[in-house]
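Before any comments, here is the structure.
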Amino acid sequence: MANNEFLVSVANAVLRDPNTGSAIAYGTTNISSAFTLTMQKTDVRGGINNPLLYSYFHDRQLEVKVENATFDKTIFAVKAGKSILNANVVTLKTDCVVLTSGSGTLSGSAVAGKVTVFLPNGTIVGLVASGSTIWVNSASSLVTPRVNAIYNFMATSDQITIESTTPPTVVDLTLIAEVRDNTGVITDHLQIDIPRFQVAGNYTMAFAANGVSTQSLEGVALLTASTDCTTADYYAKATWVPV
């Protein structure tokens with residue numbers, strides 16, 4: 106790289122199916138992206154004062170971590186090693202219901218009619234709804250006839266099942282970053298493609314009252330077999346695409 110060129114900002118990340126090449130996710134709101142290449146070293150020493158005769162390098166490992174500012178269901182899915190299911194599934198619904206003479210109407214239909222009502226005085230009442238209508242016998246004694254109703258509800262939704270034994274997904278990961286010169290002009294797009302990227306199974310979803318949750322994609326490159334007789338098996342390929 107010339108002295109007047111700089112790798113700037115963060116890299117966009119593209120996730121693809123390693124078998125079909127179909128795109129899975131495109132991350133353009135990354136906070137940080139890191140590409141780390143490491144190797145272990147074994148020193149061979151001998152003779153008077155034990156000088157260094159040879160260094161043998163081994164156990165090369167390529168790690169990537171991308172931190173994303175937006176919440177992406179796909180990142181959650183590849184961490185869990187599962188596809189996103191879109192179907193009519195059981196969800197939890199919370200309604201604020203104003204009672205009239207003890208009667209109120211839910212915004213949906215409770216599964217099996219089972220509803221739990223939280224009264225303003227802290228009392229919890231379990232009841233069975235008739236369609237979307239509930240009846241609270243103790244409503245006449247309430248100062249405020251507003252209650253909270255909790256019940257299961259069927260809704261067409263995206264759902265990911267986090268199983269106990271399913272490993273995280275292996276994807277094709279490409280990082281795309283800008284190379285600029287000292288006038289600010291983009292000279293190249295650096296593309297680092299990892300054909301077989303093993304996503305790490307660790308995932309933290311942290312909620313903050315005064316902020317938003319971030320998520321990270323991290324993992325290691327797996328060996329990809331070479332397709333010719335001159336290139337060894339490899340982890341990744343770095344390409345500078347001229348602009």
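At the far end of the sequence shown sits residue 348, using our numbering, and the numbering has no gaps. Positions of the beta carbon are idealized from the N, C-alpha and C atoms, including for glycine.
- prompt: Does DSSP put Lys178 in a helix, in a strand, or in coil?
  reply: Start at 1 with the first residue of the sequence shown, and residue 178 comes out as number 73. Helix at Lys178.
field: For Gly289, three-class secondary structure by DSSP
entry: Against the sequence shown, residue 289 aligns to sequence position 184. Of the three classes helix, strand and coil, the one that applies to Gly289 here is coil, per DSSP.
query: What span of residues does the beta strand (DSSP E) with Thr143 cover, start to end?
result: Residue mapping note: residue 143 aligns to position 38 of the sequence shown, counting from 1. From DSSP, the beta strand (DSSP E) with Thr143 extends over Asn135 to Arg150.
query: From Val276 to Leu120, what distance separates their C-alpha atoms?
result: As a working note, residue 276 is residue 171 in the sequence shown. As a working note, residue 120 is residue 15 in the sequence shown. C-alpha separation (whole angstroms): 6 Å.
query: By Cβ distance below 8 Å, which residues in the same chain neighbour Ser160 in space, the five residues on each side in sequence not counted?
result: Taking the first residue of the sequence shown as 1, we reach residue 160 at position 55. Same-chain partners within the cutoff: Lys146, Thr147, Asp148 and Val149.
- prompt: Below 8 Å between beta carbons: does that hold for Leu232 and Val220?
  reply: One-based indexing of the sequence shown puts residue 232 at position 127. One-based indexing of the sequence shown puts residue 220 at position 115. Yes.
query: First and last residue of the beta strand (DSSP E) that includes Ser160?
result: The residue given as residue 160 occupies position 55 in the sequence shown. Ser160 -> beta strand (DSSP E) spans Leu157 to Asn173.
query: Are the CB atoms of Ile136 and Asn173 nearer to each other than 8 Å?
result: Here the question's residue 136 lines up with position 31 in the sequence shown. Here the question's residue 173 lines up with position 68 in the sequence shown. Against a cut-off of 8 Å, the Cβ pair of Asn173 and Ile136 comes out as a contact.
- prompt: Helix, strand or coil: how does DSSP classify Lys342 here?
  reply: Within the sequence shown, numbered from 1, the residue matching residue 342 stands at position 237. Here Lys342 sits in strand by DSSP.
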